[in-house]
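Take a look at the structure below.
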Amino acid sequence: MMSLFLSPPLFLIISFLFSMLGMGGSQLYVPILYWLGMGFKHEAIPLGLLLNVATSSSATSTYLRHGLIRVRLAVPFAIVMIISAPVGAFLNFQVSTRVVIAVFALFTLAGAIIAMSNWRPKRKVESRRAELILGVTAG
């Protein structure tokens, strides 16, 4: 029961930190909600996504106001992600929870390895064509 009272301040800290990192926080929201006893697919993931949208939206408005978002690059990402999200949600219910947790863990591990390795691409994306290709393929 005490963990339910600790989760709002914990989520406040997560949203504060992850918004500075350009992330919404679902990487932590979903496992915490699952550990609090919520069903993984039907409760933790949807609520984690809702919290992620709230955090990301407020951070995005701040970053846009300060001119820190390359909109030409962001728009193709956003379009592909909006199209792909319902497909991912549908597939979530077609595979076992263990598979979803394993994929979630692998993506989180890959992100951690990339962040810790300090890897950087060899060249920057500067042309309009390269921005479009990156946005569509990575989105």
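Per this note's numbering, the sequence shown starts with residue 397, numbered consecutively.
Glycine residues also receive a C-beta, built at the ideal position from the N, C-alpha and C atoms.
As the structure is a prediction and not an experimental result, all values here were calculated from the model.
Check	Outcome
Complete runs of the alpha helix (DSSP H) confined to the segment 406 to 487 [at least 4 residues]	422 to 431, 441 to 461
Alpha-carbon spacing of residue 358 relative to residue 416, whole angstroms	Since the first and last residues shown for the chain are 397 and 535, residue 358 lies out of range.
First and last residue of the uninterrupted alpha helix (DSSP H) at residue 513	493 to 513
Rounded separation between residue 462 and residue 492 - CA only	43 Å
Residue 404, DSSP secondary structure in three states	helix
Backbone CA spacing between residue 401 and residue 464 [nearest angstrom]	36 Å
C-beta contact flag for residue 410 and residue 424 at 8 Å	yes
Three-pair Cβ contact test at 8 Å for the segment 433 to 448 versus the segment 492 to 506	yes
For residue 524, the three-state DSSP class (helix, strand or coil)	helix
Supposed close pair residue 403, residue 441 - CB separation, criterion 8 Å	Going by Cβ atoms, the distance from residue 403 to residue 441 rounds to 16 Å, so no, they are not a contact pair.
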